[in-house]
């Protein structure tokens, strides 16, 4: 028997402006669902959308700006030098931290 737990939360789905969605979809040549996601995240200018979707190496932040990165690299290098095993845990959605 399947029993569903009813949520006490009410989801509020915001709908982006259809004019912006159509503009992005047309100007950037992307499906409307992609344009909706971009617009929902505040990317409403076609030039900005193209830059976001077609990033290159210059768009990547310096990883050493992350807190503790130098220490982490040092520990990994020590483990490699000492033939130790390394386990790395992370958030599966860590890429979303830039929004």
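Residue numbers (the working numbering): 1107 to 1205.
C-beta: ideal position from N, C-alpha, C; glycine also.
Taking only the alpha-carbon atoms, compute the straight-line gap between residue 1190 and residue 1178 and give it to the nearest angstrom. Straight-line Cα distance between these residues: approximately 15 Å.
Is it a yes or a no for the region 1143-1155 touching the region 1163-1176, going by three-plus beta-carbon pairs under 8 Å? no
When you compare only the Cα positions, how much space is there between residue 1166 and residue 1158? 11 Å
What's the gap between the Cα of residue 1127 and the Cα of residue 1185? 49 Å
Can you give me the C-alpha to C-alpha distance between residue 1145 and residue 1125, rounded to a whole angstrom? 10 Å
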